[in-house]
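In my numbering, the protein residues as written are 2 to 213.
Think of the CB as a built atom: it goes at the ideal place given N, C-alpha and C, for glycine as much as any other residue.
Here the structure comes first, spelled out in structure tokens, and everything after it is commentary.
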Ligand SMILES: Nc1ncnc2c1ncn2[C@@H]1O[C@H](COP(=O)(O)OP(=O)(O)OP(=O)(O)O)[C@@H](O)[C@H]1O
Ligand SMILES: [Mg+2]
């Protein structure tokens with residue numbers, strides 16, 4: 002379960018982002034809509050343990066993220082949170098399969114089957130040995146989704162996962178995120194300005210940043 006309470010954040014001279022409350026149980030999904038610059042990526046970074054808010058709390062399964070020490074937070078994030086970043090941030094020297102397996106870099110218990118399973122799920126079964134620079138944008142996006150899902154997170158956070166996709170692939174990616182969230186019993190939060198997916202997700206809120 003993810004609980005957000007009384008969250009506030011602003012960069013210097015930027016409008017304030019305020020989220021009074023979010024409560025999402027495992028298996029539930031939420032779409033956060035907002036226009037460009039409204040603070041969606043900023044909010045996602047806060048929810049994902051990457052950026053401390055000025056005020057308020059993010060509580061995942063009873064753990065308040067920003068009360069953890071830095072190394073504890075890193076571990077907690079690795080175990081519990083899967084983030085699909087707006088820019089895929091894939092490592093160019095590695096293959097597709099190696100990128101997908103990255104969350105397991107420091108442990109030895111990743112099976113090749115698991116990587117293959119997620120590649121299959123995302124329609125990347127023939128791309129496992131491909132180099133990152135040879136992928137289309139949509140394929141790179143799907144690799145980053147596989148990487149976010151592979152360690153079975155409790156919370157999946159996705160930043161504009163459909164931005165570079167046509168209608169058909171946008172629908173597939175949303176269905177896939179929802180399906181995987183259900184399978185993993187994870188809460189799913191998607192932030193986007195893509196109104197095409199508004200009615201594909203059960204609950205939605207709109208981010209209105211206010212001038213300070
Ligand atoms: N590191 C930073 N320092 C200062 N201002 C920042 C920083 N990062 C983002 N901002 C500003 O904060 C605001 C929100 O940015 P953010 O990236 O969260 O928007 P967004 O809703 O994700 O936009 P988009 O839809 O274009 O991705 C923007 O006005 C941006 O210029
Ligand atoms: Mg953004």
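Residue state for residue 22 is assigned as strand, using DSSP reduced to three classes.
In terms of Cα proximity to residue 84, the closest of 178, 196, 183 and 55 is 178.
Listed in chain order, the alpha helix (DSSP H) elements of length 4 or more contained wholly in the segment 152 to 198 are 168 to 185. In this structure, residue 90 has its CB at a distance of at least 7 Å from all heavy atoms of ligand 1. Contiguous alpha helix (DSSP H) elements confined to the segment 67 to 141 occur at 71 to 81, 97 to 101 and 113 to 122, taking only those with 4 or more residues. The shortest CA-to-CA distance from residue 55 to any of 191, 10, 113 and 63 is the one to 10. Within its own chain, the residues whose Cβ lies closer than 6 Å to the Cβ of residue 19, once the five positions on either side in sequence are excluded, are 9, listed in chain order. By the 16-neighbour rule on beta-carbons within 10 angstroms, residue 207 is exposed. Taking 7 Å as the cut-off, one finds at least one heavy atom of ligand 2 near enough to the beta carbon of residue 87.
For residue 48, the enclosing alpha helix (DSSP H) has its first and last residue at 41 to 48. Taking 7 Å as the cut-off, the C-beta of residue 160 counts as close to a heavy atom of ligand 2.
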